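Chemist: The sequence shown runs 0 to 137 under numbering that gives the first Met the number 0.
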Amino acid sequence: MKILYKIIMITAALTVITANTVYAQSPDQIVETAISRGDAQQLEERMNSNVQLRIQGADNIYSKEQSRQILARFFSNNRVARFAVTHRTLRDGVESIDGTLFTNGGKYSVYLLLKNGDDTNSSTTYLIHQIRIENGND
């Protein structure tokens, strides 16, 4: 009985720690996690109302919804194995993230530009303004 009690307590503690870790993520960590999972819906939640998107022939400024759809199609065709950040800068309310996305369809170079606030107001939330996913197999 004591062993069962210990297992339950350890499981409960790990659940609380995991939940706190997820909710304590910074905006850039949330974006990185979303890319690592191929989660276009979670990326949309961190997008500005319009996003400059360059991915597999799509190179334009799209609404959040259009961007999510394009990214969802990309992720459905390229199952993500992992995402590795190679460089990050933060200056004057602008953050850029460079990384490599490893998928079953190949390796891709990823560039993200996040700005503090959106087009209409300034806030403490960093939103995605630009996403580039380009073939990195060259």
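Ideal Cβ positions, reconstructed from N, Cα and C, are used throughout, including at glycine. Quick caveat, the model's predicted, so the values are computed rather than measured.
Please go through the same chain and pick out, in chain order, the residues whose beta-carbon is closer than 6 Å to the beta-carbon of I132, but skip the five residues on each side of it.
Modeler: Result list for I132: I54, Y107, V109, in chain order.
Chemist: Excluding the five sequence neighbours on either side, which residues of its own chain have a C-beta within less than 7 Å of the C-beta of S35, listed in chain order?
Modeler: Counting only Cβ-Cβ distances below 7 Å, and skipping sequence neighbours, we find V79, R81, F82.
Chemist: Contact check, I69 vs L52 under 8 Å by CB: the rounded distance?
Modeler: I69 to L52, Cβ: 6 Å. Contact.
Chemist: Report all residues from its chain with a CB closer than 7 Å to the CB of K63; omit the five preceding and five following residues, and keep chain order.
Modeler: Contacts found: E43, M46, S48, V50.
Chemist: Taking all protein chains shown into account, do 16 or more other C-beta atoms lie within 10 angstroms of the C-beta of L111, making it buried, or fewer, making it exposed?
Modeler: Classification for L111: buried.
Chemist: For the alpha helix (DSSP H) holding G90, just list the boundary residues, first then last.
Modeler: Reading off the sequence, residue 90 comes out as Arg, not Gly. Element bounds for R90: not the alpha helix (DSSP H) but the beta strand (DSSP E), 79-90.
Chemist: For R131, does the three-state DSSP call read helix, strand or coil?
Modeler: Three-state DSSP puts R131 in a strand.
Chemist: Using a Cβ-Cβ cut-off of 8 Å (strictly less than) and excluding sequence neighbours within five positions of A149, which residues of its own chain qualify?
Modeler: There is no way to answer for residue 149, as the model of the chain reaches only from 0 to 137.
Chemist: Using the C-alpha atoms, what's the distance from T32 back to L3?
Modeler: Between L3 and T32, the C-alpha separation is close to 34 Å.
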